[in-house]
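Notes follow once the structure below has been shown.
Residue numbers (the numbering used here): 4 to 143.
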């Protein structure tokens, strides 16, 4: 398996599907990508993609950094600024430690540590703040 430039909210990122076995993903990527395994986390290609998995070894989140060149519907991508988020979306909500836009469940921009809630995105973050990561996760 090779990574693909595709983002499907609540389902997959880079072709890595949520709620699948981390062992199967590691095995399929091992020949084409650098893999580092830490407890509960797998890093692919030096953090280009980070996979979170639970005790049953089921994937619950897939996150990419700004080196992953893919955008979701032209409105969400890793490496975008607060200004770009505001310009490309109508609503922004803090949910599960991430900025979720326009009610699109299962995808978000992880907030910096210590920021888990906001009334307006600019309450705590300047317009030039860069969201270095984008996550796909199981909607709650």
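Beta carbons: idealized from backbone N, C-alpha and C, even for Gly.
Requested in this report: Report all residues from its chain with a CB closer than 8 angstroms to the CB of residue 86; omit the five preceding and five following residues, and keep chain order.
Outcome: 130, 131
**Report entry** Residue burial classification, residue 37 (beta-carbon count within 10 angstroms, cutoff 16)
**Finding:** Counting Cβ neighbours within 10 Å, residue 37 comes out exposed, since fewer than 16 surround it.
Query raised in the report: Are there three or more Cβ pairs, one per stretch, closer than 8 angstroms when the segment 58-68 is compared with the segment 85-102?
Result: no
Report task. Identify whether residue 68 lies in helix, strand or coil by the three-state DSSP scheme. Result -> strand
Query raised in the report: Taking the Cβ atom as the reference point for each residue, do residue 97 and residue 116 lie within a distance shorter than 7 angstroms?
Result: No, these two residues do not count as a Cβ contact at 7 angstroms.
Query - Cβ contact check for the segment 24-43 and the segment 69-77: 3 or more pairs under 8 angstroms - result: no
Query - residue 106 and residue 13 closer than 7 angstroms at C-beta - result: no
Requested in this report: Could you tell me if residue 66 is buried or exposed, where buried requires 16 or more neighbouring beta carbons within 10 angstroms of its beta carbon?
Outcome: buried
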